[in-house]
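My numbering puts the first residue of the sequence shown at 9, with every later residue one more than the last. Don't be surprised by glycine CBs; every beta carbon is placed ideally from N, CA and C. Here's the structure, in structure tokens; my notes come after.
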Amino acid sequence: MLNIDSISKGIVIDHINAGYGYSIFKYLGLDKADFAVALIMNVPSKKFGKKDLIKIENVIDVDLTMLGFIDPNITINIIEDEKIVKKINLSLPERVEGIIECKNPRCITSEERNIVHKFILIDKENGIYKCEYCDQIYAWEC
Ligand SMILES: [Zn+2]
9 MLNIDSISKG IVIDHINAGY GYSIFKYLGL DKADFAVALI MNVPSKKFGK
59 KDLIKIENVI DVDLTMLGFI DPNITINIIE DEKIVKKINL SLPERVEGII
109 ECKNPRCITS EERNIVHKFI LIDKENGIYK CEYCDQIYAW EC
């Protein structure tokens, strides 16, 4: 098992909901990475019981909006010189574009194929989003 200490420069994605690590790993294309990566599953966690963890020995671009939408409990640690230099706590994004689709058949996004589906977070506590065009509600579920 890789320790955080063993990463000199890279990213540790921590507090992933147990069971979601693999999909995030694949979403980030890490299954095809040519640098050192580790997916560690079912790590005991005080906060969540169990968690998944991803360690990346490289600086890659991570779409924080998308990741926050997949799992808002994630913490991202940026590692430099074997130390955590930055901690980013994700949360549900205020706006999501092109991630979820509006289910309202009368919505302009259903009628016109070229329009990007846009949703705005209207209730952070309950994860309620609203279509920007027709006000259709989308309830976020992990
Ligand atoms: Zn809509």
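- For F127, the enclosing beta strand (DSSP E) begins and ends at K126 to D131.
- Of the residues L75, D131, D143 and V20, the one whose Cα lies closest to the Cα of I62 is V20.
- Straight across, the Cα-Cα distance linking G76 with I92 is about 20 Å.
- Between I15 and I87, the gap from beta carbon to beta carbon is short of 7 Å.
- Sorting M74, I68 and P101 by C-alpha distance to the C-alpha of N85 places I68 at the top.
- Between I107 and the set E133, D71, I96 and D39, the nearest pair of CA atoms involves D71.
- Counting C-beta pairs closer than 8 Å gives fewer than three between the stretch 48–61 and the stretch 96–115, which falls short of the contact rule.
- Shortest gap from the CB of N112 to any heavy atom of ligand 1: under 6 Å.
- Relative to ligand 1, the beta carbon of Y141 is positioned inside 6 Å of a heavy atom.
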